[in-house]
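In UniProt numbering, the protein residues as written are 1 to 144.
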């Protein structure tokens, strides 16, 4: 029974680890794609600004910097939201795992106490049988 519980816990742990790895890979892939697109966008924007007149380029550069700042703020908030969601999911999985462990521990305690009770009953019945056997032997010895 204990071995089965341990194997179940190990499987659950492995499953949770695989899920965490998968989520981390997805997060890394989406981040790399996003960085590549941003890099391309900045390169195109720089080329556009260089091709325009100096006063227009300066105006566009200011707008570009403002957009860049807003984009970074937005990305930071999005990143925080994704991290909060991941943390929330992992916390839920930890709570589920903890509950399962507690239930399994209670089952294990129940099985152990039942096993001990059965042993005690068996020991008591053996003890009683030995006492009766000794009494019977003593009676027979007195007869002879």
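Ideal Cβ positions, reconstructed from N, Cα and C, are used throughout, including at glycine.
Everything numeric in this text was worked out from a predicted model, so none of it was measured.
If you draw a straight line from the Cα of residue 136 to the Cα of residue 10, it comes to about 55 Å. By the Cβ criterion, the stretch 98-115 is in contact with the stretch 1-8, since at least three pairs of Cβ atoms, one from each stretch, lie closer than 8 Å. Across the set 139, 133, 20, 31, the C-alpha of 31 shows the shortest separation from the C-alpha of residue 79. In this structure the stretch 122-141 does not lie against the stretch 23-40, because fewer than three pairs of beta carbons, one per stretch, are closer than 8 Å.
Selection 45, 28, 76 evaluated against residue 63 yields 45 as nearest (Cα-Cα).
At the C-beta level, residue 82 and residue 16 stay beyond 8 Å of one another. Closest in C-alpha terms to residue 43, from the list 20, 68, 59, comes 68. When C-alpha distances from residue 87 are compared across 13, 20, 14, the shortest belongs to 20.
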